[in-house]
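Colleague:
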Amino acid sequence: TPEDQALVDGFQEQPDELYEGELPVVAIVGRPNVGKSTLVNRILRRREAVVEDVPGVTRDRVAYEGEWSGRRFTMIDTGGWEATATGIHLKVAEQAEVAIDMADVVLFVVDATVGATDDDEAVVRLLRRAGKPVVLVANKVDDMRMEGEAAALWNLGLGQPWPVSALHGRGSGDALDAVLEVLPDRSMVAEPMPVGGPRRVALVGRPNVGKSSLLNKLAGEERVVVDHVAGTTRDPVDELVELGGRTWRFVDTAGIRRRVHQTKGADFYASLRTQTALEKAEVAVVLIDAEEAIAEQDLRVISQVVETGRALVIAYNKWDLLDEERRYYLEREIERELVQVQWAPRVNLSARTGRHVDKLVPALDVALTSWDTRVPTGRLNAVMGEIVSGHPHPVRGGKQPRILFATQASTRPPRFVVFASGFIEAGYRRFLERRLREEFGFEGTPVEISVRVRE
Ligand code: GDP
Ligand code: GDP
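Okay, so the sequence shown: first residue is 25 according to this note's numbering, each after it adds one.
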């Protein structure tokens, strides 16, 4: 299949750019039983990570979203690695090495009651070489008497040891403040999107596909124009429309209602208007004139929706004009031209007659539900483990990149970060996306997968 071919020759640049909204990574590193998971629990302030006295006990979660003083970050608990779905069994130093590579900041935990061991020293050497910011935690400093043992860890040459009792909370706030001081401020990149209120829909598509007709049909007499800022005629106008017993907000409808003259540059302005509408919307209905051949411009609008990360419904309009023959060719065209967005719900309607216009709401609901979906990390990694063991990444240059674990960094749309031990090919990433869609649905939403790879 083309996908298999892509696996073979699909070498592509691994983007080292992080996508918007990805959180900085704090990795918790240290020997077994020094108190890593206890510290994770302390930071999360809820008992999410499982703590057991038995080393190597099953823990199904390895990545958590943490927050301190209003800053959010992804926390990786290497204590959980012994039993991930991918079955990693690494020595302390190897484990630390992987974690350090992925981290923006390393929280290195040493048991102050034991002092630095050979294993600890090995990790210190890795940390020095990596040159990443390190916050050294001297754990199990439950009272004043242990402070002296903590101070002895200055000898490791990693700067100040922060005396902490993960069990009782003593000192953990100060250690976290130290983490924030060196944490890159990537969390600020995420664009703020208003949450709540009526769901926001953009009605988009090239000129004459029937946007204005559909809006009129949907809004009927009850339409309410909002957000009209006095001034130029170019101001975007939102309309509140009752559909299926709920209120929906159709964004930037001014451009839809106004007949736009076909002048030079009209394409450019049309696509600019589409973009501003998409920025404000949560879901887009892309209208396509079913009577005409699918055009380059239709595909461009669809790409715009996907690239903007909005939920997508495709509506084939003017269905009243179709005869048998055109229907047959349309099906072929869709198969050929729209393979990339097979996951989008599709409605065949007529803005003129009102045929199937009522099917828009269920399609919008499906798409938005997928767009909002969050897969629990445990479930995600269980599924990922099955996918990867059933079809491992091909061996390249004698090496086999392994998927260590994955986490969903954000929703709207679902964005996944896959942590891997080596370069993951584009074809394999598409394979992962396809399998995740098979497993979780995601009908109507783009899905983003980015890879964090250790060099
Ligand atoms: P991990 O293997 O590094 O994740 O360690 P755990 O978090 O599972 O902790 C190992 C053991 O040390 C558990 O019995 C914890 O209760 C205990 N422990 C963790 N932090 C502290 C602490 O600050 N003080 C004391 N006294 N015990 C701790
Ligand atoms: P817009 O430029 O996308 O807003 O498209 P309009 O709503 O202005 O529609 C362009 C033309 O297509 C108009 O002449 C409409 O009457 C016609 N039209 C729109 N929807 C339908 C439909 O479902 N069936 C038919 N037969 N004509 C339609």
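Glycine is no exception: its CB is placed at the ideal position from the N, C-alpha and C atoms.
Just grab the DSSP bridge partners of Phe464 for me.
Modeller: DSSP output for Phe464 lists no bridge partner at all.
Colleague: Per DSSP, Met168 forms a beta bridge with which residues?
Modeller: Met168 pairs with nothing; no bridge assigned.
Colleague: Which residue comes first and which comes last in the alpha helix (DSSP H) that contains Arg66?
Modeller: From DSSP, the alpha helix (DSSP H) with Arg66 extends over 60 to 68.
Colleague: Closer than 6 Å by C-beta to Phe443: which residues in its own chain qualify, once you throw out the five before and the five after it? Chain order, please.
Modeller: Met126, Leu428, Phe429, Arg476, listed in sequence order.
Colleague: Is it the case that the CB of Asn163 approaches a heavy atom of ligand 1 more closely than 7 Å?
Modeller: Checking the Cβ of Asn163 against ligand 1 gives yes.
Colleague: So, at 8 Å on beta carbons, what are the nonlocal neighbours of Asn232 in its own chain, with the 5 sequence-adjacent residues on each side left out?
Modeller: Cβ neighbours of Asn232 beyond the five flanking positions: Asp313.
Colleague: Under the criterion of a Cβ to heavy atom distance below 7 Å, does Arg376 qualify as lining ligand 2?
Modeller: The answer is yes for Arg376.
Colleague: For ligand 2, is there any heavy atom lying closer than 7 Å to the beta carbon of Ser236?
Modeller: Answer for Ser236: yes, Cβ within range of ligand 2.
Colleague: Just the C-alpha distance for Pro425 and Val138, rounded to the nearest angstrom, thanks.
Modeller: Computed Cα separation, rounded: 36 Å.
Colleague: Check Gly409 in the structure and name its three-state DSSP category.
Modeller: If DSSP states are grouped into helix, strand and coil, Gly409 belongs with the helices.
Colleague: Rounded to whole angstroms, what is the Cα-Cα separation between Leu204 and Trp92?
Modeller: Cα to Cα, Leu204 sits roughly 8 Å from Trp92.
Colleague: Near Ala154, which residues of its chain fall below 6 Å by C-beta distance, leaving aside the five closest residues on each side in sequence?
Modeller: Result list for Ala154: Ile124, in chain order.
Colleague: Taking 8 Å as the cut-off, decide whether the C-beta atoms of Arg12 and Leu264 are in contact.
Modeller: This structure cannot speak to residue 12, because the chain is shown only from 25 to 479.
Colleague: From Arg334 to Ala278, what does the alpha carbon distance come to, in whole angstroms?
Modeller: The alpha-carbon atoms of Arg334 and Ala278 are separated by roughly 21 Å.
Colleague: Using a threshold of 7 Å, is the CB atom of His195 nearer than that to any non-hydrogen atom of ligand 1?
Modeller: Looking at the sequence provided, one finds Gly at residue 195 rather than His. Gly195: no, Cβ never under 7 Å from ligand 1.
Colleague: I need the straight-line Cα distance from Val330 to Leu336, nearest angstrom please.
Modeller: Near 8 Å, if we compare the C-alpha coordinates of Leu336 and Val330.
Colleague: On the three-state DSSP scale, how would you describe Trp178?
Modeller: Correct three-state label for Trp178: helix.
Colleague: What's the C-alpha gap between Arg95 and Pro400?
Modeller: Roughly 21 Å between the two C-alpha positions.
Colleague: Looking only at its chain, what residues have a beta carbon closer than 7 Å to the beta carbon of Gly195, apart from the 5 residues adjacent to it on each side?
Modeller: Around Gly195: Val165, Trp186, Pro187, Val188, Ser189.
Colleague: Within 7 Å: the Cβ of Lys156 and any heavy atom of ligand 4?
Modeller: No copy of ligand 4 appears in this structure; the ligands present are ligand 1 and ligand 2.
Colleague: In three-state terms, what does DSSP make of Thr271?
Modeller: Strand at Thr271.
Colleague: For Ala243, report the span of its alpha helix (DSSP H) as first-last.
Modeller: That run of the alpha helix (DSSP H) goes 235 to 243.
Colleague: Quick check on Ser394: buried or exposed, where buried means 16 or more other Cβ atoms within 10 Å of its Cβ?
Modeller: Ser394 should be labelled buried.
Colleague: Leaving aside the five residues before and after Asp128 along the sequence, list all residues of the same chain whose C-beta is less than 6 Å from its C-beta, in chain order.
Modeller: Within the same chain, Asp128 has close Cβ partners Pro48, Val49, Pro208.
Colleague: Please confirm whether any heavy atom of ligand 2 lies closer than 7 Å to the CB of Pro470.
Modeller: No - ligand 2 has no heavy atom lying nearer than 7 Å to the Cβ of Pro470.
Colleague: Between the region 298 to 317 and the region 221 to 237, are three or more C-beta pairs nearer than 8 Å?
Modeller: Taking 8 Å as the limit for Cβ pairs, the verdict is that the region 221 to 237 does touch the region 298 to 317.
Colleague: Where does Val363 land, buried or exposed, given buried means 16+ other C-beta within 10 angstroms?
Modeller: By the 10 Å Cβ count, Val363 comes out exposed.
Colleague: Alpha carbon to alpha carbon, what distance is there between Leu200 and Gly193?
Modeller: The straight-line gap from Cα to Cα measures roughly 11 Å.
Colleague: Which word fits Thr377, buried or exposed, when buried means at least 16 other C-beta atoms lie within 10 angstroms of its C-beta?
Modeller: Classification for Thr377: exposed.
Colleague: Leaving aside the five residues before and after Val371 along the sequence, list all residues of the same chain whose C-beta is less than 8 Å from its C-beta, in chain order.
Modeller: Around Val371: Val337, Ile338, Ala339, Tyr340, His380, Lys383, Leu384, Ala387.
Colleague: Under 8 Å between the Cβ atoms of Asn179 and Val58?
Modeller: No, these two residues do not count as a Cβ contact at 8 Å.
Colleague: Going along the chain, which residues of its own chain have a beta-carbon closer than 7 Å to the beta-carbon of Glu121, five neighbours each way excluded?
Modeller: Here the set comprises Leu150.
Colleague: Considering Cα atoms alone, identify which of Phe440, Leu311, Val275, Glu303 is closest to Leu238.
Modeller: Taking only the C-alpha atoms, the option nearest Leu238 is Leu311.
Colleague: Nearest to Gly468 by alpha carbon, out of Pro369, His415, Ser445, Pro56?
Modeller: Ranking Pro369, His415, Ser445, Pro56 by Cα distance to Gly468 puts Pro369 first.
Colleague: Rounded to the nearest angstrom, what separates Arg459 and Phe447 at their Cα positions?
Modeller: Rounded to the nearest angstrom, the two C-alpha atoms are 19 Å apart.
Colleague: On the DSSP bridge assignment, give the partners of Met99 in chain order.
Modeller: Met99 is bridged to Val50, Tyr88.
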